[in-house]
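*Asks:*
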Amino acid sequence: MFLLILSTVGYFGFNSLKNTNDNSTGINDVSQNIEGKMYTDNTSGNTYDVKFAYLDGTDIRRIKPNSSKCSIKILSKVKTGSLNLKLKKNNNIILSKTIFNKSGNADATLNVTGINKSGINIEVTAKKAYNGSIYMTFD
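This is the structure we're talking about:
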């Protein structure tokens, strides 16, 4: 009987914690398959902040804002190689920007509305990218 009560309490406690995490705001990891050298990830709260000497692979994160709309400021650069930045809402691409060998920096502000509780995915794909940074903030 004691084990049944303990199991029930544990089950409801876990589900309560899981539901709390599913409704959290901020930037959360979805998947990461990257090779990085001198890679620093200072992502926290509402800021995605990565700097690297070398980066190759894909990093996917999820933004969960407090409301159904947000403003996203993007500042990114790469010296050589390429970076592709994608923002997806409801599996639809709302921004796709590729930066090649000093050909330009990503410097944009995007206002997004109609965000559901699943949020927005940030997908960063680097192909032999050297000496770069990716900075995104949302509010």
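Per the working numbering, residue 1113 is the first one in the sequence shown, and the count goes up by one each step. Every residue gets a Cβ at the ideal spot worked out from N, C-alpha and C, and that includes glycine. Just so we're clear, the structure is a prediction, and the values are computed from it rather than from any experiment.
#1: Who are the near neighbours of Tyr1242 in its chain, counting only those whose CB is closer than 6 Å to its CB and skipping five residues on each side?
#2: Excluding sequence positions up to five away, which residues of its chain have a Cβ less than 6 Å from the Cβ of Thr1237?
#3: Going along the chain, which residues of its own chain have a beta-carbon closer than 6 Å to the beta-carbon of Lys1185, five neighbours each way excluded?
#4: If you draw a straight line from the alpha carbon of Asn1223 to that of Lys1149, how long is it in whole angstroms?
#5: For Lys1198, which beta-bridge partners are listed by DSSP?
#6: In terms of residues, what are the limits of the beta strand (DSSP E) holding Asp1251?
#7: Could you tell me which of Ser1188, Thr1225 and Lys1200 sits nearest to Tyr1247, measuring between CA atoms?
#8: Need the endpoints of the beta strand (DSSP E) that Lys1229 sits in, please.
#9: If I follow the unbroken beta strand (DSSP E) through Asn1145, where does it start and stop?
#10: Taking 8 Å as the cut-off, decide whether the C-beta atoms of Asn1233 and Val1142 are in contact.
#11: Which residues bound the beta strand (DSSP E) around Thr1155?
*Replies:* Looking at the coordinates:
#1: Translated into the one-based positions of the sequence shown, residue 1242 becomes position 130. Setting aside the 5 residues that flank it on each side, Tyr1242 is surrounded in the same chain by Tyr1166, Lys1191, Thr1192 and Gly1193, each with a C-beta closer than 6 Å to its C-beta; the list follows chain order.
#2: Position 125 of the sequence shown holds residue 1237. So the list reads Thr1170 and Asn1196, once near-sequence residues are dropped.
#3: Numbered from 1 along the sequence shown, position 73 holds the residue referred to as residue 1185. Excluding positions up to five away in sequence, the list reads Thr1221 and Thr1249.
#4: On the sequence shown, residue 1223 is found 111 positions in, with the first residue counted as 1. On the sequence shown, residue 1149 is found 37 positions in, with the first residue counted as 1. Spanning the two alpha carbons is a distance of roughly 33 Å.
#5: The residue labelled residue 1198 in the question sits at position 86 within the sequence shown. In the DSSP output, where bridge partners are listed per residue, Lys1198 has Ser1208 and Glu1235.
#6: As a first step, residue 1251 is located in the sequence shown; it is residue number 139 there, counting from the start. Following the DSSP letters along the chain, one finds Asp1251 in no beta strand (DSSP E), marked with neither H nor E.
#7: Walking along the sequence shown from the start, residue 1247 turns up at place 135. Cα-wise, what sits closest to Tyr1247 is Ser1188.
#8: Residue numbering aside, residue 1229 sits at position 117 when the sequence shown is read from its first letter. No beta strand (DSSP E) holds Lys1229; DSSP gives it neither H nor E.
#9: Reading the sequence shown from its first residue, position 33 is the one you call residue 1145. In the DSSP annotation of this structure, the continuous segment of the beta strand (DSSP E) that includes Asn1145 starts and ends at Gly1138 to Lys1149.
#10: For this step, residue 1233 is matched to residue 121 along the sequence shown. For this step, residue 1142 is matched to residue 30 along the sequence shown. Contact flag set, yes.
#11: Taking the first residue of the sequence shown as position 1, residue 1155 is located at position 43. Careful: Thr1155 lies outside any beta strand (DSSP E) and carries neither H nor E.
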